[in-house]
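First up is the structure itself, then whatever we jot down about it.
There are 2 protein chains.
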Amino acid sequence: MSAGVKKDFPATKVMSGFMELLPEEQIEFDLMKDKILETFHSFGYTALDTPVMERLEILRAKDVGETATQIYEIEPRGEQTESKSGLRFDLTVPLARYVAEHFADLSFPFRRCHIAKVYRGERAQKGRFREFYQCDVDVIGHGSLSIRYDAEIPSIIYQLFKKLDFGKFTIRVNNRKLLQGLVDSLGCEASTESILGVIDRIEKISSEQFGEQLKELGLTGEMTDKLIKFFEIKGTNAEVLDGLKSFNVDNQDYIDGLSELVTAAEFMKALGVEEDYYKIDPVIVRGLSYYTGTVYETVLDDYPKLGSVCSGGRYDNLAEHYTKEKLPGVGISIGLTRLFHQIREIGLVECSKKTAADVIIVPKEDANIPCALSVSQLLRAGGFKVDVLLEDMNIKKKFKYVDRKDSRFTIVIGREEEDSSSVTLSYKGEGGKFEKLQVAQSELADKMKGLC
Amino acid sequence: MSAGVKKDFPATKVMSGFMELLPEEQIEFDLMKDKILETFHSFGYTALDTPVMERLEILRAKDVGETATQIYEIEPRGEQTESKSGLRFDLTVPLARYVAEHFADLSFPFRRCHIAKVYRGERAQKGRFREFYQCDVDVIGHGSLSIRYDAEIPSIIYQLFKKLDFGKFTIRVNNRKLLQGLVDSLGCEASTESILGVIDRIEKISSEQFGEQLKELGLTGEMTDKLIKFFEIKGTNAEVLDGLKSFNVDNQDYIDGLSELVTAAEFMKALGVEEDYYKIDPVIVRGLSYYTGTVYETVLDDYPKLGSVCSGGRYDNLAEHYTKEKLPGVGISIGLTRLFHQIREIGLVECSKKTAADVIIVPKEDANIPCALSVSQLLRAGGFKVDVLLEDMNIKKKFKYVDRKDSRFTIVIGREEEDSSSVTLSYKGEGGKFEKLQVAQSELADKMKGLC
Numbered sequence: 094m095s096a097g098v099k100k101d102f103p104a105t106k107v108m109s110g111f112m113e114l115l116p117e118e119q120i121e122f123d124l125m126k127d128k129i130l131e132t133f134h135s136f137g138y139t140a141l142d143t144p145v146m147e148r149l150e151i152l153r154a155k156d157v158g159e160t161a162t163q164i165y166e167i168e169p170r171g172e173q174t175e176s177k178s179g180l181r182f183d184l185t186v187p188l189a190r191y192v193a194e195h196f197a198d199l200s201f202p203f204r205r206c207h208i209a210k211v212y213r214g215e216r217a218q219k220g221r222f223r224e225f226y227q228c229d230v231d232v233i234g235h236g237s238l239s240i241r242y243d244a245e246i247p248s249i250i251y252q253l254f255k256k257l258d259f260g261k262f263t264i265r266v267n268n269r270k271l272l273q274g275l276v277d278s279l280g281c282e283a284s285t286e287s288i289l290g291v292i293d294r295i296e297k298i299s300s301e302q303f304g305e306q307l308k309e310l311g312l313t314g315e316m317t318d319k320l321i322k323f324f325e326i327k328g329t330n331a332e333v334l335d336g337l338k339s340f341n342v343d344n345q346d347y348i349d350g351l352s353e354l355v356t357a358a359e360f361m362k363a364l365g366v367e368e369d370y371y372k373i374d375p376v377i378v379r380g381l382s383y384y385t386g387t388v389y390e391t392v393l394d395d396y397p398k399l400g401s402v403c404s405g406g407r408y409d410n411l412a413e414h415y416t417k418e419k420l421p422g423v424g425i426s427i428g429l430t431r432l433f434h435q436i437r438e439i440g441l442v443e444c445s446k447k448t449a450a451d452v453i454i455v456p457k458e459d460a461n462i463p464c465a466l467s468v469s470q471l472l473r474a475g476g477f478k479v480d481v482l483l484e485d486m487n488i489k490k491k492f493k494y495v496d497r498k499d500s501r502f503t504i505v506i507g508r509e510e511e512d513s514s515s516v517t518l519s520y521k522g523e524g525g526k527f528e529k530l531q532v533a534q535s536e537l538a539d540k541m542k543g544l545c
Numbered sequence: 094m095s096a097g098v099k100k101d102f103p104a105t106k107v108m109s110g111f112m113e114l115l116p117e118e119q120i121e122f123d124l125m126k127d128k129i130l131e132t133f134h135s136f137g138y139t140a141l142d143t144p145v146m147e148r149l150e151i152l153r154a155k156d157v158g159e160t161a162t163q164i165y166e167i168e169p170r171g172e173q174t175e176s177k178s179g180l181r182f183d184l185t186v187p188l189a190r191y192v193a194e195h196f197a198d199l200s201f202p203f204r205r206c207h208i209a210k211v212y213r214g215e216r217a218q219k220g221r222f223r224e225f226y227q228c229d230v231d232v233i234g235h236g237s238l239s240i241r242y243d244a245e246i247p248s249i250i251y252q253l254f255k256k257l258d259f260g261k262f263t264i265r266v267n268n269r270k271l272l273q274g275l276v277d278s279l280g281c282e283a284s285t286e287s288i289l290g291v292i293d294r295i296e297k298i299s300s301e302q303f304g305e306q307l308k309e310l311g312l313t314g315e316m317t318d319k320l321i322k323f324f325e326i327k328g329t330n331a332e333v334l335d336g337l338k339s340f341n342v343d344n345q346d347y348i349d350g351l352s353e354l355v356t357a358a359e360f361m362k363a364l365g366v367e368e369d370y371y372k373i374d375p376v377i378v379r380g381l382s383y384y385t386g387t388v389y390e391t392v393l394d395d396y397p398k399l400g401s402v403c404s405g406g407r408y409d410n411l412a413e414h415y416t417k418e419k420l421p422g423v424g425i426s427i428g429l430t431r432l433f434h435q436i437r438e439i440g441l442v443e444c445s446k447k448t449a450a451d452v453i454i455v456p457k458e459d460a461n462i463p464c465a466l467s468v469s470q471l472l473r474a475g476g477f478k479v480d481v482l483l484e485d486m487n488i489k490k491k492f493k494y495v496d497r498k499d500s501r502f503t504i505v506i507g508r509e510e511e512d513s514s515s516v517t518l519s520y521k522g523e524g525g526k527f528e529k530l531q532v533a534q535s536e537l538a539d540k541m542k543g544l545c
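Same order as they appear, the protein sequences are chains A and B. Sequential numbering of the first sequence, starting at 94, is according to our numbering. Sequential numbering of the second sequence, starting at 94, is according to our numbering.
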């Protein structure tokens, strides 16, 4: 740009509500994402990918309350004569549309996972995102789906959070039929939904407020006492199941819900979920969502303020707005963007790795570059990720590059090394201390593998 | 739905111009995507992720011709008072914006890759997509960037297409400075761009048309003859370089371009690119795009009709519309969605794997499920992806499920197996023949590893 000419650049800051990461943060984010996908895969769930855009009538087929006002709408382009579309606000609507469309080509029970971005034009708030990753895992049956899958879903979550290593966590499990049956058995005139709405808030309000809100709905003191007594059922999982049994509600939903909970708990055990990591918890409702049976929440025990980091449940009919086929399912979802934001804020993740490379090769002089390149090929063949510094720089600048990248290994190649068919390998040894040694080129890959 | 009630469902077919894959196709697509990312990583390129939406003034800062009319625009939502945004149409604009924004936090040369979807509201045509994956790999310098990186980029492509295994391929390499210098040296009044435009079409038009179009631009017969003679330079890479040298154009751009080509070829060799897999080809222009030096195209030798499956080049200044910093770079891009569509059409990829699972475990009776689950945990710990069939089905239906999924291994567990602490393992042996054997549970994972 010539001097004196003013050039205005457009704003390059990422728009508010969108997460954009530096390379070192992206590396940690991707590590988490990879662990999630790997765990979903290990249970035989196949990854799907659907368009980010869906027809507006697909997105709006179901009443989704406030979310409907948050859909980003898109004008058709080209000769597209189709109806208007919008950006998906979750991965469940696309799954329902997909299963309805490809029904004949799928085999059921259909296990699928989907890790992708969704969009909600929400009011800008700290920790709220307009573009965020959801990591969904669902299994869909045709006509029916065994309750045993309700045990598989939390056992996936158990394996995953063990791997993520954020400390002790608890998967809270309940069954909405239990609550449904209990509330119905009260014989109150208020709608079950309105009463469940109050129960859903039970952990956020005082017991006085709880009583008052139920009174407003027309519950008698006796009814409210019964509910309060019910929510006093606590203890080990076995004790809670016993308590629920002996609470003796004469209602088929209640009986079914209890039997489902017993089965789910039994199979979670068979799937190796440690007793201490899940809690049968009669208080979980999961909002006024479309769950009809088992419901899940997951909390990190040391960080209760984060709330549930992973929630889901069983639904009777996935795609009722798109097909006549009855498709019951059970699944769970992780809001990865939000979770990553939170664990970074509390310092649970360190973003120290500034490059994808395991090793940086530094040729001292231009003359050493061909040798550096041939060593790089050897190491790549050995499975290493290798960055060769090819820029013309003085050696000081070269080491500054190495310092900033902070890769596990650094290899320097100069004339001395070339003459002796060796390289100088630096790496962080025990206690983070820097170690240096001379290694023959032919033994380099093996030596480095031994140090990993 | 009760009989007699008509319910109209919205269209569930994917919108035209959008690719949506069945699980077995998605598995193959993801395998390709993984190989691409793995190869980019092996050269130390760090993956980035940027929002799908960008401000319209960012997307429109540069004149991108017809593409500008294809941008999907998005209405702001919530209390968003920001300017209108649109869906990105490539990954280069987001990279430029990213580097301009995070300049101070990056170290240069900055190697980044990005595999993600982009959007163009194009006219619907077979093989053209409105949503498609691009796989970009670029290295950006600050102020300057060594020509050696122009050799690294095609060597990444070489490693990648070897791995993808679509048969013999050729990376065609040229340098636009060479053409620029040649055309300038003609001393013709027509703009260099208009002449390069004709050269860009040389492989699509006859030599008569070539002559006529140049004549229309005001080139004399002598000038045209010189160009024709230039494009007759053919042979091995060494012969072409010799031919270009002895063509003797007295122009600095030509001399620089030639010297860059020589260096790039030299370092590609040092990076192990086989002589037979790249071709210095003076005819490559890469449209009227913003490339200023080295340019690349890649063709699959057995499928020339596919055109270039991977193109790119060197550019002088990545982010001139967003920052004052000078950021030269070199990179290449694969249009993955289109490539996958093409190789599937010509049968280069078989989509036979219908599940992410390596093994399906079939409990004969409900009583065998706990044992099936404990075996599944053993195998997962051994690195296998395991699907346990948990649905209540008769054995015939269970085997239909297994048949449709077509996983590598099937394990059946019944009373006999439980009694002998073993399982019945079926797998496809040599020649695709089905083999069956009885294996002790404790030896199962090792046995299966041996068969992989």
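Ideal Cβ placement from N, Cα and C applies to all residues, glycine included. Owing to the predicted nature of the structure, the values given are computational and were not obtained by experimental measurement.
For B:Q470, would you say it is in contact with chain A, using Cβ-to-Cβ distances shorter than 7 Å as the test?
Reading the second sequence from its first residue, position 377 is the one you call residue 470 of chain B. By this cut-off, B:Q470 is an interface position.
Contact with chain A by B:E53, beta-carbon distance below 7 Å
A question about residue 53 of chain B goes unanswered here, because the residues of chain B that appear run from 94 up to 545.
Taking the Cβ atom as the reference point for each residue, do B:E458 and A:P202 lie within a distance shorter than 7 Å?
For the purposes of this step, residue 458 of chain B is taken as the residue at position 365 of the second sequence. For the purposes of this step, residue 202 of chain A is taken as the residue at position 109 of the first sequence. In this structure, A:P202 does not lie closer than 7 Å to B:E458 by Cβ.
A:F222 and A:T430: beta carbons closer than 7 Å?
By 1-based counting over the first sequence, the position of residue 222 of chain A is 129. By 1-based counting over the first sequence, the position of residue 430 of chain A is 337. Yes, the pair counts as a contact, with Cβ atoms nearer than the cut-off.
Return the residues of the region 439–461 of chain B that lie within a Cβ-Cβ distance of less than 7 Å from chain A, sorted by chain order.
T448, A449, A450
From the DSSP output, in three-state form, read off A:I250 for me.
Position 157 of the first sequence, counting from 1, holds the residue named residue 250 of chain A. The answer is helix: DSSP assigns A:I250 an H, G or I state.
Pairing CB atoms from the region 325–345 of chain A with CB atoms from the region 250–265 of chain A, are three or more of them under 8 Å?
no
Pairwise C-alpha distance: A:N461 and A:F493
Counting from one through the first sequence, the residue named residue 493 of chain A turns up at place 400. Counting from one through the first sequence, the residue named residue 461 of chain A turns up at place 368. In the sequence as presented, Phe is not what sits at residue 493 of chain A; that position holds Lys. Whole-angstrom Cα-Cα distance: 19 Å.
Taking B:E296 as the reference, give the member of B:L272, B:G365, B:V376, B:E367 with the closest Cα.
The residue you call residue 296 of chain B lines up with position 203 of the second sequence. Nearest C-alpha to B:E296: B:V376.
Under 9 Å by beta carbon: chain B residues contacting A:V366
By 1-based counting over the first sequence, the position of residue 366 of chain A is 273. Going along chain B, no residue has its Cβ under 9 Å from A:V366, so there is no contact; the nearest lies around 10 Å.
Which complete beta strand (DSSP E) runs does the region 120–153 of chain B hold, if anything under 3 residues is left out?
146–148
Starting from A:K434, follow the alpha helix (DSSP H) in both directions and report where the run begins and ends.
Within the first sequence, residue 434 of chain A is the residue found at index 341, counting from 1. Residue identity differs from the one stated: residue 434 of chain A is His in this sequence, not Lys. Note, A:H434: alpha helix (DSSP H), 429–438.
State the CB to CB distance for the pair A:D231 and A:R213, rounded to an integer number of angstroms; the pair is presumed to be in contact (CB under 8 Å).
On the first sequence, residue 231 of chain A is found 138 positions in, with the first residue counted as 1. On the first sequence, residue 213 of chain A is found 120 positions in, with the first residue counted as 1. With a Cβ gap of about 20 Å, A:D231 and A:R213 do not count as contacting.
Do the region 393–404 of chain A and the region 500–520 of chain B touch if we need at least three Cβ pairs shorter than 8 Å?
no
Give the straight-line distance between the Cα atoms of A:F262 and A:G365, rounded to the nearest whole angstrom.
Here residue 262 of chain A corresponds to residue number 169 of the first sequence, with the count starting at 1. Here residue 365 of chain A corresponds to residue number 272 of the first sequence, with the count starting at 1. Cα to Cα, the separation comes out at about 15 Å.
Is B:D633 buried or exposed, if buried means 16 or more other CB atoms sit within 10 Å of its CB?
Residue 633 of chain B is absent from the model: chain B starts at 94 and stops at 545.
Could you name the residues of the same chain whose beta carbon sits closer than 7 Å to that of B:I425, not counting the 5 residues immediately before and after it, in chain order?
For this step, residue 425 of chain B is matched to residue 332 along the second sequence. So the list reads V230, I246, I250, Y389, C403, S404, G405, once near-sequence residues are dropped.
Going by the DSSP bridge assignment, what does B:T263 pair with across the sheet?
The residue given as residue 263 of chain B occupies position 170 in the second sequence. DSSP, once it has assigned bridges, lists B:V392 as partnering B:T263.
Have a look at A:V468 and A:V479 and give me their C-alpha separation to the nearest angstrom.
Residue 468 of chain A sits at position 375 when you count from the first residue of the first sequence. Residue 479 of chain A sits at position 386 when you count from the first residue of the first sequence. Roughly 10 Å between the two C-alpha positions.
Between B:D101 and the rest of its own chain, which residues show a CB-CB distance below 7 Å, the 5 nearest in sequence each way excluded?
Translated into positions along the second sequence, residue 101 of chain B becomes position 8. Nothing meets the Cβ criterion.
Is the beta carbon of B:S278 closer than 7 Å to that of B:G344?
Sequence index remark: in the second sequence, residue 344 of chain B carries index 251 (1-based). Sequence index remark: in the second sequence, residue 278 of chain B carries index 185 (1-based). Inspection of the sequence shows that residue 344 of chain B is occupied by Asn rather than by Gly. In this structure, B:S278 lies closer than 7 Å to B:N344 by Cβ.
Can you give the beta carbon distance from A:E147 to A:R190, rounded, assuming they're within the 8 Å contact cut?
In the first sequence, the residue the question calls residue 147 of chain A occupies position 54. In the first sequence, the residue the question calls residue 190 of chain A occupies position 97. At roughly 7 Å, the Cβ-Cβ gap stays under 8 Å, so A:E147 and A:R190 are in contact.
Boundaries (first-last residue) of the beta strand (DSSP E) holding A:L180:
By one-based count along the first sequence, residue 180 of chain A stands at place 87. Per DSSP, A:L180 belongs to the beta strand (DSSP E) from 178–180.
Same chain, Cβ closer than 8 Å to A:H434, neighbours up to 5 away in sequence not counted:
Along the first sequence, one-based indexing puts residue 434 of chain A at 341. Result list for A:H434: M112, G220, F222, in chain order.
Helix, strand or coil for B:S287, going by three-state DSSP, please let me know.
The residue labelled residue 287 of chain B in the question sits at position 194 within the second sequence. DSSP places B:S287 in helix when its eight states are reduced to three.
Contact criterion: CB-CB distance below 7 Å. Does A:E418 meet it with respect to chain B?
As a working mapping, residue 418 of chain A is identified with position 325 in the first sequence. No, A:E418 lies away from the interface with chain B (no Cβ there is under 7 Å from its Cβ).
Please classify B:G137: is it buried, with 16 or more other beta-carbons within 10 angstroms of its beta-carbon, or exposed?
Residue mapping note: residue 137 of chain B aligns to position 44 of the second sequence, counting from 1. Classification of B:G137: buried, given that the 10 Å Cβ count is 16 or more.
In or out: A:C228 buried (at least 16 other Cβ within 10 Å) or exposed?
In the first sequence, the residue the question calls residue 228 of chain A occupies position 135. When all chains shown are included, A:C228 counts as buried.
For the alpha helix (DSSP H) that contains A:V232, what are its first and last residues?
Along the first sequence, one-based indexing puts residue 232 of chain A at 139. Careful: A:V232 lies outside any alpha helix (DSSP H), inside the beta strand (DSSP E) at 224–233.
Just checking: is the beta-carbon of B:K478 within a distance shorter than 7 Å of some beta-carbon in chain A?
In the second sequence, residue 478 of chain B corresponds to position 385, counting from 1. Yes, its Cβ sits closer than 7 Å to a Cβ of chain A.
Nearest-angstrom beta carbon gap, A:G350 and A:K270 [assumed within contact, 8 Å]
Numbered from its first residue, the first sequence carries residue 270 of chain A at position 177. Numbered from its first residue, the first sequence carries residue 350 of chain A at position 257. Sure, about 3 Å apart at Cβ, within 8 Å.
Between B:L238 and A:A450, what straight-line distance do the alpha-carbon atoms span, to the nearest angstrom?
Working through the second sequence from its first residue, we reach residue 238 of chain B at position 145. Working through the first sequence from its first residue, we reach residue 450 of chain A at position 357. About 19 Å.
Answer yes or no: do A:R473 and B:S135 have a C-beta to C-beta separation smaller than 7 Å?
Residue 473 of chain A sits at position 380 when you count from the first residue of the first sequence. Residue 135 of chain B sits at position 42 when you count from the first residue of the second sequence. Going by C-beta atoms, A:R473 is nearer than 7 Å to B:S135.
In the DSSP output, which residue or residues are listed as bridge partners for A:T329?
Position 236 of the first sequence, counted from the start, is the residue given in the question as residue 329 of chain A. According to DSSP, A:T329 bridges with nothing at all.
Output the boundary residues of the alpha helix (DSSP H) element that contains B:H414.
Counting from one through the second sequence, the residue named residue 414 of chain B turns up at place 321. Looking at the DSSP string, B:H414 is not in any alpha helix (DSSP H), and its letter there is neither H nor E.
In this structure, what does DSSP give as the bridge partners for B:C206?
In the second sequence, residue 206 of chain B corresponds to position 113, counting from 1. DSSP lists B:A140, B:V230 as partners of B:C206.
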